[in-house]
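Each position in the sequence shown, counted from 1, maps to that position plus 29 in this note's numbering.
Glycine is no exception: its CB is placed at the ideal position from the N, C-alpha and C atoms.
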Amino acid sequence: MGFLDNLLNAFLKATDPRPRYTEARCLLYKNSVGGCDRCYQACPKGAVRLESFRVELDEVLCTGCGLCTGVCPGVALEYPLGGIQEALIRGKGQIRCSKAEGKGEEVLCLGRLTPGLLAEAGSRFGKVVLARGDCASCRIGGPAVPEHLERMVEEAQRYHPVEVEVLQGELPGEKVGRRELFQALLGSAKRTAADLVPELPLPAPEEEKGMPAELRLRLLAARRASEVRWPRILVEEGCTLCPVCTNVCPTEAVYRVREGEEYVLRLKVEACTGCGACVESCPPQVIRLEEAGKEELFQELELYRGKPPWYDL
């Protein structure tokens with residue numbers, strides 16, 4: 030691929046408002062019982078279509094608000110989170126949406142703030158302050174953003190006891206002077222230029238092959254917390270050790286291994302999102318959602334062991 034092709038791809042990537050879709054983590058694609066339409070329900074612009082067990086995003090209708098990414102139970106929809114994480118660090122836990130007045134670090138829409146981003150920022154600064162504009166009249170995220178933020182904060186507090194304050198208007202702080210304004214504009218221009226520089230073709234990003242960036246942020250926050258309420262599952266008696274739960278799990282948190290004549294069902298706790306796909310899809314309905322404490326977080330738990338009833342068939 031030549032330089033001009035790289036430049037064109039970089040430009041298209043920079044101007045495409047849609048989040049990245051990883052179908053292997055989509056409950057619809059995984060054929061989870063009951064399916065999933067949370068992204069469809071959350072989108073304020075009708076940019077999400079559910080077709081042929083996939084999620085299709087309309088590039089024209091999508092405004093890039095990010096509401097769909099926060100509600101996706103399998104983290105199948107995501108924006109690059111590194112830039113927002115850096116902005117929260119530079120702002121010492123303070124960030125504003127693009128429609129809020131005043132100075133400070135900026136994100137297009139507060140709908141892009143995921144539980145992992147909020148929890149990780151809270152683990153650094155204790156309190157996170159968000160400034161928003163008039164969501165009711167905003168054409169990016171719209172009136173659903175404040176309530177969406179409440180749900181994201183509630184989820185973030187499972188991983189770290191973050192305190193979040195949402196203001197309408199400016200972020201707290203002194204008025205910016207000419208020198209500070211010039212430095213902020215220069216820094217913003219440098220970051221924009223860096224984003225537009227074409228990159229050489231690279232292999233699939235780590236989050237596609239392994240743990241999503243969102244889960245890694247939640248883990249960072251949890252490491253700094255004294256207590257966590259990480260989602261996990263429990264398998265009760267009656268499990269037939271069939272592969273359904275492992276097949277529908279969007280993050281490969283549940284897996285099955287054979288040991289002699291026995292099969293063992295195991296859980297990588299840090300990879301569990303609490304999506305509930307295995308709960309809904311389990312044929313004998315013996316799986317339930319629970320919470321894991323910090324002592325279980327970095328372990329692989331044995332969920333069930335036995336010789337399946339179909340072993341001799």
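Three CB pairs or more closer than 8 Å across the region 160 to 172 and the region 262 to 281: Verdict: no, contact absent.
Reduced DSSP secondary structure (H/G/I, E/B, other) of V226: Reliability of the predicted coordinates at V226 is poor, the pLDDT of 40 falling under 50, and no value is obtained from them.
For F154 and K121, the rounded distance between their alpha carbons: Their Cα atoms are separated by approximately 7 Å.
DSSP state of P260 mapped onto helix, strand, coil: Reduced to three states, the DSSP call for P260 is strand.
Beta carbon of L343 nearer than 9 Å to that of G95: What is shown of the chain runs 30 to 342, which leaves residue 343 out entirely.
Distance between beta carbons of V104 and L244, contact taken as under 8 Å: About 7 Å; that satisfies the 8 Å criterion.
Supposed close pair V263, R295 - CB separation, criterion 8 Å: Reading the sequence as shown, one finds Leu at residue 263 and not Val. Taking a contact as a CB-CB distance under 8 Å, the pair L263 and R295 does not count as one, their CB atoms being some 13 Å apart.
CA-to-CA distance, I124 to A251, given in whole angstroms: One alpha carbon belongs to A251, the other to I124, and they sit about 22 Å apart.
Sequence-distant residues of its chain with Cβ nearer than 8 Å to K156 (five each side left out): Within the same chain, K156 has close Cβ partners G122, V191, E192, V193 and E194.
CB of G322 within 9 Å of CB of V257, strictly: Yes; because the gap between Cβ atoms is below 9 Å, this pair is in contact.
Inside the region 101 to 138 only - beta strand (DSSP E) runs reaching at least 3 residues: Within the region 101 to 138, the complete beta strand (DSSP E) runs of at least 3 residues are 123 to 126.
When V158, E183 and Y188 are compared against E199, the one with the closest alpha-carbon: Nearest option by C-alpha distance: V158.
For Y188, the first and last residue of its enclosing alpha helix (DSSP H): Run containing Y188: none; DSSP gives neither H nor E here.
Beta-carbon gap between C301 and R261 smaller than 9 Å: It is a contact, given that the beta carbons lie within the stated cut-off.
T44 versus L79, G93, R67 and R78, residue with shortest Cα-Cα distance: That would be G93, whose Cα lies nearest to the Cα of T44.
Rounded separation between V77 and L110 - CA only: Roughly 21 Å separates the two Cα atoms.
Where Q197 sits in the DSSP three-state scheme: Q197 falls in the strand class under three-state DSSP.
Run of the alpha helix (DSSP H) containing R153, from where it starts to where it stops: Taken as a continuous stretch (DSSP letters only), the alpha helix (DSSP H) holding R153 covers P144 to F154.
Integer-rounded CB distance, given that C304 should sit under 8 Å from P102: Confirmed, about 3 Å.
Own chain, CB closer than 7 Å to A71, minus 5 neighbours either side, in chain order: A distance below 7 Å between beta-carbons, with the five flanking residues on each side excluded, links A71 to the following residues of its chain, in chain order: L96, C97 and V100.
Segments assigned beta strand (DSSP E), at least 3 residues, entirely inside the region 245 to 332: Within the region 245 to 332, the complete beta strand (DSSP E) runs of at least 3 residues are 259 to 264, 283 to 288, 291 to 297 and 316 to 321.
Reduced DSSP category for E88 - H, G, I as helix; E, B as strand; rest coil: Coil at E88, not helix or strand.
Cutoff 6 Å; reference A150; Cβ partners in own chain excluding five residues on either side: Around A150: L117, G122 and V157.
Helix, strand or coil at L178 [DSSP, three-state]: Under the three-state reduction of DSSP, L178 is assigned to helix.
Rounded C-alpha distance that separates L326 from E299: Roughly 6 Å separates the two Cα atoms.
CB of C55 within 9 Å of CB of R83, strictly: Closer than 9 Å, so yes.
Which of helix, strand or coil DSSP assigns to A76: In this structure, DSSP gives A76 a state outside helix and strand, which the three-state scheme calls coil.
Collapsed DSSP secondary structure at G335 in the structure displayed: DSSP places G335 in strand when its eight states are reduced to three.
Where L159 sits in the DSSP three-state scheme: DSSP, reduced to helix, strand and coil, places L159 within a strand of the structure shown.
Presumed contact (8 Å Cβ cut-off) between H189 and S152, rounded CB distance: Confirmed, Cβ separation roughly 5 Å.
Whole-Å CB distance - L196 paired with A160, under 8 Å assumed: The pair is a contact, with the Cβ atoms about 5 Å apart (cut-off 8 Å).
Cβ shell of E4 (< 6 Å), same chain only, five flanking positions each side left out: Limits of the chain in this structure are 30 at one end and 342 at the other, which puts residue 4 out of reach.
Close-in-space but distant-in-sequence residues of the same chain around P73 (CB under 7 Å, 5 per side omitted): The answer, listed in chain order, is C94, L96, G170, G171 and A173.
Coarse secondary structure for R49, derived from DSSP in three states: Here R49 sits in strand by DSSP.
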